[in-house]
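Numbering (UniProt numbering), first residue to last: 1 to 950.
The C-beta atom is built at its ideal place from N, Cα and C for all residues, glycine as well.
The structure appears right after this line, and notes come after that.
The following block contains the structure:
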């Protein structure tokens, strides 16, 4: 009977959608035996509160199974390592197609990886320059060309019928041979005549006759006479062949080609054509001009990751250790006269400034103009010197000559730092690569432009018919990828922007560009919150990109909380009802209408407005503030901005409008320096004023991982594990066995498993595949020795506690006030669902950020007045969790702290006490203060894109 029912159930599920991807009985992490169908070739959004099992279903089940099936198709050798690869805990998945996951981690930290190399645009540019590039000589500005046999034959064919043509090669005498010996060798090679220009007339001489002359006569007849520096008055040539032009037959052309080939060989790459005794035409098959031998363009010449193409000085990194311009001229608002050049001070070294002011001033250098306003040429003059004045470079040359004196060594060390490579000027390539141009630009210049400007340049690019044929396919790929970058809202990036300087959302959208460029069909794309870091305006563009991916015939599954995404989706799967052990079920699956009309769906309630994030009835008044004056870093347009204290201050604006530059590159490092703490380079600005003394500490709470090691986890980070270990050390069995608190730590030897050193898993390195993580076979993944695990509190071992979620642990430690208070902040910031011992490298960027927030909440009031800077804290948060996050923010402000939040989320913007809107556009068209005031006032702003979505 049971079998019959089972068969019937399967039959029903099969009928739901014959082509659907069906997941049956998924039990990964907190999933409760979930069965759900993903309609094929649809745009599907998986939503639900944080920790409800969205990633467990999509990444850990769907994608992991797709990857495992790929591994199964490999050879037995590769599979012997794979046999123990964890199979997702699921009954079966039917109809699964090749899966590609695009996660929100910043995927690379290497200083060599750039936006151009990640999107593969740079690879296509290399190919374009190698195949259609023209090498231009830096001396004459002429194109360097290499002649071959066909060029010579083509020229002969264009001559009028009856023209007498001689094919000539320069007669060269080798160092240790005399003229007679040289002529003998020519005879042996089969040449019989010499062509010499005597008295301006060309004369053909037979080699046999010449050899009959005595040495003196021979010298007088054919030795080329020199005039001045080696220029020949009577040049002598070997006659290779002679012909009269006509309508050439096939045979004649063969003979002509052979003769030209012989001439190139004998002349070591150069030959001449003499026509009708008058004109002499030169041909060379060497790639040279103006006395310089150039490199022939090949793709590797343009690669900074290849020793052949990389600049030999900086090895392709674009920076070297040298004189740091920012240390030499720390304040660019000063002029040279006012002492902008820091080392030119004091009694002795002040001479350098005086001589420059006198001599360069006379030569027309603007000595009273602030350095920031100098043109590129004038700035070069300050460094290189001009009009008899010595520049900064000359100063440091003298310092280096005196390094045997200790004071000069100290002086030099003060101004050393990372600086742009002087050899390649930051382009990363050897100079030969920069001689090659397409449309008058070299590859380095194109990489410095913003994507939107580069797209315009390529649209207007004019090529010759020949080059068009070559570059047609390459240009198609470049156009497509540039357009996708524009579509996903990244038109403000440059191709040479370092990959490790991108935010999680930016790097995810770049991976999306690469996937789109490959034009796959019938695949399953799984994206983990691609709208991170996107302004609502750009989310619209992103949706159209995802739909185009669907229209190619792919199934697109997006884990997302964005309302706009849900409205546009073909199908929505709502997970819940809550997080962790209270979640892991599919609440409702269907279209947007079905979600909002389902009474069980928490998401639906927020979408209909039944539940909502209340806007505070009053905004806080403030009287303390910090002002950034004249910020002009990156794309900021010399703006002055006030940041109020003891309030929730939100900085908004489209992606690339200058929010991060203003807050993280100007305000944050400048305040750190003022407090005497180490900080990154401070962005260009005039000064920071206001109540800076009121702030005792500045904390940047970003989305970087909370720990580098796989042992780091949330409760060790918030310092709650110490109290739990103390509790276990006090248990009777622990005292009996002499265990101390350290025995319950997996970071030190003692109680931890010796097999895996407390990791719980062993890593098998896979060479050409991702490393495989296997459960430790000594402790079975429990991290501790057997005797330590026997110590229990309320029937649970230390491993069981690490395996609990935060919410379960708060319930479990009900009697232990210290422990409960220590872990409560994790629940308050909406992380009640994560496990206490969850490895920090499995946390998303948003979760890591909220763990940091919890650690500060736990410190309470004793920390003075702190200024917190949050970078997009709503990453990965459901409406329900944003409500909790805002409550945590209010709690921090109540404790006397100040918050500055960079954010796109409209609920957070509405809840702000003070709103600073940057824009109006991204990149060069941004960097201005569009609005500053209470959030309700922005609606009047015509320029603001934020106003349209509030």
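* Can the beta-carbon of residue 829 be found closer than 8 Å to that of residue 724? -> Position 829 of the chain shown, counted from the start, is the residue given in the question as residue 829. Position 724 of the chain shown, counted from the start, is the residue given in the question as residue 724. No, the pair does not count as a contact, with Cβ atoms beyond the cut-off.
* **Buried or exposed (CB count within 10 angstroms, at least 16 for buried), residue 219** => Here the question's residue 219 lines up with position 219 in the chain shown. By the C-beta density criterion, residue 219 is exposed, having fewer than 16 other C-beta atoms within 10 angstroms.
* Asked: Between residue 475 and residue 458, which are expected to be in contact by the criterion C-beta below 8 Å, what is the C-beta distance as a whole number of angstroms?
  -> As a first step, residue 475 must be located in the chain shown, where it is residue number 475. As a first step, residue 458 must be located in the chain shown, where it is residue number 458. Distance from residue 475 to residue 458 at the Cβ level is roughly 7 Å; contact confirmed, criterion being Cβ atoms closer than 8 Å.
* Asked: For residue 231, which three-state DSSP category applies?
  -> Residue mapping note: residue 231 aligns to position 231 of the chain shown, counting from 1. Residue confidence is low: residue 231 scores 41 on pLDDT, short of 50, so the model does not pin down where it sits. Its coordinate-derived value is still stated next. Three-state result, residue 231: strand.
* I think residue 952 touches residue 316, with their Cβ atoms under 8 Å apart; what is that distance to the nearest whole Å? -> In the structure as shown, the chain begins at 1 and stops at 950. Residue 952 is therefore absent and cannot be evaluated.
* Closest by C-alpha distance to residue 624, when choosing among 102, 578, 645 -> Stepping through the chain shown from its first residue, residue 624 is reached at position 624. Selection 102, 578, 645 evaluated against residue 624 yields 645 as nearest (Cα-Cα).
* Give every residue of the same chain whose Cβ lies closer than 8 Å to the Cβ of residue 434, excluding the five residues on either side of it in the sequence, and list them in chain order. => Taking the chain shown and counting its residues from 1, the one referred to as residue 434 is at position 434. Listed in chain order, the non-local C-beta contacts of residue 434 below 8 Å within the same chain comprise 424, 427, 442, 443, 444, local neighbours out to five positions each way being set aside.
* Between residue 14 and the rest of its own chain, which residues show a CB-CB distance below 6 Å, the 5 nearest in sequence each way excluded? -> Locating residue 14 in the chain shown gives position 14, where the first residue counts as 1. For residue 14, the predicted model reports a pLDDT of 42, less than 50, meaning its position is unreliable and no value from the coordinates is stated.
* **residue 217 classed as buried or exposed, judged by whether at least 16 other C-beta atoms fall within 10 angstroms** => The sequence position of residue 217 within the chain shown is 217, counting from 1. Residue 217 should be labelled exposed.
* Asked: Counting Cβ pairs closer than 8 Å, one from the segment 805-823 and one from the segment 775-786, do we hit at least three?
  -> Under the three-pair Cβ rule at 8 Å, the segment 805-823 does not count as touching the segment 775-786.
* **CB of residue 343 within 8 Å of CB of residue 415, strictly** => The residue you call residue 343 lines up with position 343 of the chain shown. The residue you call residue 415 lines up with position 415 of the chain shown. Residue 415 is positioned such that its CB atom lies closer than 8 Å to that of residue 343.
* **Nearest candidate by alpha-carbon position, reference residue 965, set 814, 299, 242** => The structure shown has nothing for residue 965, since the chain only spans 1 to 950.
* Using the C-alpha atoms, what's the distance from residue 452 back to residue 496? -> Counted from its first residue, the chain shown places residue 496 at position 496. Counted from its first residue, the chain shown places residue 452 at position 452. The alpha-carbon atoms of residue 496 and residue 452 are separated by roughly 14 Å.
* Nearest residue (CA-CA) to residue 533, options 514, 513, 509 -> Stepping through the chain shown from its first residue, residue 533 is reached at position 533. Among 514, 513, 509, the Cα nearest to that of residue 533 is on 509.
* Buried or exposed: residue 652, going by 16 or more other Cβ atoms within 10 Å of its Cβ? -> For the purposes of this step, residue 652 is taken as residue 652 along the chain shown, with counting starting at 1. With 16 or more Cβ atoms within 10 Å of its Cβ, residue 652 is classed as buried.
* **residue 66 to residue 473 span [Cα, whole Å]** => By one-based count along the chain shown, residue 66 stands at place 66. By one-based count along the chain shown, residue 473 stands at place 473. Taking the straight line from one Cα to the other gives about 32 Å.
* Which stretch, first to last residue, makes up the alpha helix (DSSP H) that contains residue 953? -> This structure cannot settle anything about residue 953, because the visible part of the chain is limited to 1 through 950.
* **Runs of alpha helix (DSSP H) lying entirely within the segment 878-910, each at least 4 residues, in chain order** => List check, alpha helix (DSSP H) in window: 879-894, 906-910.
* Closest by C-alpha distance to residue 685, when choosing among 145, 663, 743 -> Your numbering for residue 685 matches position 685 in the chain shown. Ranking 145, 663, 743 by Cα distance to residue 685 puts 663 first.
* Asked: Relative to the C-alpha of residue 112, which residue among 39, 306, 589 is closest?
  -> Here residue 112 corresponds to residue number 112 of the chain shown, with the count starting at 1. Relative to the Cα of residue 112, the nearest Cα in the group 39, 306, 589 belongs to 306.
* Asked: With a CB to CB cut of under 6 Å and the five nearest residues on each side skipped, what residues in its chain are close to residue 159?
  -> Stepping through the chain shown from its first residue, residue 159 is reached at position 159. So the qualifying residues of the chain are 245.
* Asked: Nearest-angstrom Cα distance between residue 238 and residue 285?
  -> As a working mapping, residue 238 is identified with position 238 in the chain shown. As a working mapping, residue 285 is identified with position 285 in the chain shown. Whole-angstrom Cα-Cα distance: 18 Å.
* **Local Cβ density within 10 Å of residue 951, reported as buried at 16 or more and exposed below that** => Lying before the first or after the last residue shown, residue 951 is absent from the chain, which here runs from 1 to 950.
* With DSSP run on the structure shown, which of helix, strand or coil describes residue 937? -> Residue 937 sits at position 937 when you count from the first residue of the chain shown. Residue state, collapsed to three classes: helix.
* **Distance, residue 431 Cα to residue 230 Cα** => Your numbering for residue 230 matches position 230 in the chain shown. Your numbering for residue 431 matches position 431 in the chain shown. The predicted model places residue 230 with a pLDDT of 40, which falls under 50 and marks its position as unreliable; any figure quoted below should be read in that light. Approximately 30 Å between the Cα atoms of the pair.
* Pull up the distance between the alpha-carbon of residue 952 and that of residue 492, whole angstroms please. => No information on residue 952 is available, as it lies outside the stretch 1 to 950 that the chain covers here.
* Asked: Among 629, 144, 936, 890, which residue has its Cα nearest to the Cα of residue 909?
  -> Taking the chain shown and counting its residues from 1, the one referred to as residue 909 is at position 909. Closest by alpha carbon: 936.
* Asked: Going by alpha carbons, who is nearest to residue 637 out of 360, 923, 835, 720?
  -> Stepping through the chain shown from its first residue, residue 637 is reached at position 637. The closest CA to that of residue 637, considering only 360, 923, 835, 720, is found on 923.
* Tell me which same chain residues have a C-beta within less than 7 Å of the C-beta of residue 815, skipping the five on either side of it? -> On the chain shown, position 815 is the one that residue 815 refers to. Cβ neighbours of residue 815 beyond the five flanking positions: none.
* To do: Under 7 Å Cβ to Cβ from residue 805, same chain only, skipping five residues before and after it: list those, please.
  => Here residue 805 refers to the residue found at position 805 when the chain shown is read from its first residue. These residues qualify, in order along the chain: 580, 581, 832, 833, 834, 835.
* Asked: When DSSP labels each residue in this structure, what does residue 553 get in the three-state scheme?
  -> Looking up residue 553 in the chain shown gives position 553. Note: residue 553 maps to coil in three-state DSSP.
* Asked: Do you know whose CA, among 35, 156, 454, 722, lies nearest residue 255's CA?
  -> As a working note, residue 255 is residue 255 in the chain shown. Nearest Cα to residue 255 within the set 35, 156, 454, 722: 156.
* To do: Count the other C-beta atoms from every protein chain shown that fall within 10 angstroms of the C-beta of residue 668, then say buried if there are 16 or more, exposed otherwise.
  => Taking the first residue of the chain shown as 1, we reach residue 668 at position 668. A residue is called buried once 16 or more other Cβ atoms fall within 10 Å of its Cβ, and residue 668 is buried on that count.
* To do: May I ask you to list the residues that DSSP assigns as paired with residue 118?
  => The residue labelled residue 118 in the question sits at position 118 within the chain shown. Answer by DSSP bridge pairing: none, since residue 118 is not bridged.
* Curious, which full-length alpha helix (DSSP H) runs of at least 4 residues does the segment 485-569 contain? -> Taken in chain order, the complete alpha helix (DSSP H) segments of 4 or more residues contained in the segment 485-569 are 504-517, 536-551, 563-568.
* Which residue comes first and which comes last in the beta strand (DSSP E) that contains residue 418? -> The sequence position of residue 418 within the chain shown is 418, counting from 1. For residue 418, the enclosing beta strand (DSSP E) stretches over residues 416-420.
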